[in-house]
Each structure stands twice: as C-alpha cells, then as structure tokens.
Amino acid sequence: MSDSSPILPLRSMSLADLERIMPIEERAYPYPWTLGIFQDCLKHKTYHAYIYELDQQIIAYCVLSIAVGELHILNITVEPSHQNQGLGKRLLASAEQIGSGLGAQDCFLEVRPSNTAAIHLYLAQGFNEVGLRKNYYPAKNGREHAILMAKTLV
1192 MSDSSPILPL RSMSLADLER IMPIEERAYP YPWTLGIFQD CLKHKTYHAY IYELDQQIIA
1252 YCVLSIAVGE LHILNITVEP SHQNQGLGKR LLASAEQIGS GLGAQDCFLE VRPSNTAAIH
1312 LYLAQGFNEV GLRKNYYPAK NGREHAILMA KTLV
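Residues in the sequence shown are numbered consecutively from 1192, following the working numbering.
1) Based on Cα-Cα distance, which residue from I1228, A1315, L1312 and K1325 lies nearest to H1336?
2) Do the CB positions of L1199 and S1285 come within less than 8 Å of each other?
3) Look at the Cβ atom of P1197, then the Cβ atom of R1281, and state whether they are nearer than 8 Å.
4) Determine the extent of the beta strand (DSSP E) in which R1334 is found, giving its start and end residues.
5) Buried or exposed: which applies to V1302, given that a residue is buried once 16 or more other Cβ atoms fall within 10 Å of its Cβ?
6) Assuming T1307 is part of the alpha helix (DSSP H), what are its boundary residues?
7) Using beta-carbon positions only, say whether Y1241 and C1253 come within less than 8 Å of one another.
8) Beta carbon of L1201, beta carbon of L1226: below 8 Å?
9) If the criterion is Cβ atoms closer than 8 Å, does the pair A1360 and G1260 meet it?
10) Hey, could you find the ends of the alpha helix (DSSP H) Q1248 is sitting in?
11) Which word fits A1315, buried or exposed, when buried means at least 16 other C-beta atoms lie within 10 angstroms of its C-beta?
12) I need the DSSP call for R1303, collapsed to helix, strand or coil.
13) Are the Cβ atoms of I1264 and L1300 separated by less than 8 Å?
14) May I ask you to report which of helix, strand or coil DSSP gives G1290?
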C-alpha cells in the first residue's frame, strides 16, 4: 500500500501495545484516556481498536464501537510529532472503511468545541454537527460540552 493511499495499513491493538500508547495519549490530550479505559475497550468484543505503525513506532490509533448499523469513533489519535501531515484524515478514512465493512451505515463522534483543528478535519471529511452533549468532557474550570457530529457512510 503506497503512502498516497487514503487508507492506512492498520493492525489490531493489543494489551501489550498500551505501554507505548499511553505516552502518546498523554502528549496528545490535556485530559487523556486512562489505561483502564483502553484495557476495558480491548476486553469487550463490541469495541475495535487499531494501530498504525511506521518503522515499528506507533504513529496513530483509533478505538471504534460498532452496533446497530452505527460506527462510533471513540478515540482517534495521531502522535503529536506527526500531526499536520494528513495522517488524521487517512486514519479517519480507515476507520470509516472498517465501520462500513462491519455493516455500519452511519458514523458518529464527539469533539470538544475547543479542538478546532479536529472540527475542521471532520467538517472537511463530510461530517455535520447534529447535537451537543452538555458538560461531557472534563475541563480546567469544570466541564466542556461536546459537539456531536455525524456522517452517512457510503
């Protein structure tokens, strides 16, 4: 698969990967997922977690939930030192392809209003704002809302 492909060659995430994922998660977010959240997702069959590696380095990963024809992107992360290179767009396309392959017709995700780079990416890839989850995320001064975004998968 060439680097120009919109789809990344992903592999399944395992519990053994978490020691390398946690530092990335902590660099990428002010309020990162905990080790326990990742462990719980990997233990349940309703979640699908994938990694993109380059030269044996984890560069990006995603955690997905697929049920009743819906793909929910729970976590989509690119190592901060590799951001702004198109990997987020490719990881998103890869997640959508996985969801479609598993029967999802629609895709949903939440994003912080303060994460303008992610919002621009999602809008550019055909997502629309469909709702607001009040006080969804932890924030420095209490809680931050989440914008609920959706896209029909083709």
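Here a beta-carbon is modelled for each residue, glycine too, at the ideal position from N, C-alpha and C.
Treat the numbers as computed from the prediction; the structure is a model and nothing was measured.
So, from the data block:
1) Here residue 1336 refers to the residue found at position 145 when the sequence shown is read from its first residue. The residue from I1228, A1315, L1312 and K1325 with its alpha-carbon nearest to that of H1336 is K1325.
2) Residue numbering aside, residue 1199 sits at position 8 when the sequence shown is read from its first letter. Residue numbering aside, residue 1285 sits at position 94 when the sequence shown is read from its first letter. The answer is yes: Cβ separation under 8 Å.
3) Taking the first residue of the sequence shown as position 1, residue 1197 is located at position 6. Taking the first residue of the sequence shown as position 1, residue 1281 is located at position 90. Taking 8 Å as the Cβ cut-off, P1197 and R1281 qualify as a contacting pair.
4) One-based indexing of the sequence shown puts residue 1334 at position 143. Boundaries of the beta strand (DSSP E) around R1334: G1333 to T1343.
5) The residue you call residue 1302 lines up with position 111 of the sequence shown. Burial is judged here by how many other beta carbons sit within 10 angstroms of a residue's own beta carbon; V1302 has at least 16 and is buried.
6) Position 116 of the sequence shown, counting from 1, holds the residue named residue 1307. Its alpha helix (DSSP H) spans residues T1307 to A1315.
7) The residue you call residue 1241 lines up with position 50 of the sequence shown. The residue you call residue 1253 lines up with position 62 of the sequence shown. Judged by their CB atoms, Y1241 and C1253 are nearer to each other than the 8 Å cut-off.
8) As a working mapping, residue 1201 is identified with position 10 in the sequence shown. As a working mapping, residue 1226 is identified with position 35 in the sequence shown. No, they are not a contact pair.
9) In this structure the chain extends from 1192 to 1345, so residue 1360 is not present and cannot be described.
10) If you number the sequence shown from 1, residue 1248 lands on position 57. That residue, Q1248, is in no alpha helix (DSSP H); its beta strand (DSSP E) goes Q1248 to A1258.
11) In the sequence shown, residue 1315 corresponds to position 124, counting from 1. Burial call: exposed.
12) Within the sequence shown, numbered from 1, the residue matching residue 1303 stands at position 112. Taken through DSSP and simplified to helix, strand or coil, R1303 comes out as coil.
13) Numbered from its first residue, the sequence shown carries residue 1264 at position 73. Numbered from its first residue, the sequence shown carries residue 1300 at position 109. Yes. Within cutoff.
14) Stepping through the sequence shown from its first residue, residue 1290 is reached at position 99. Note: G1290 maps to helix in three-state DSSP.
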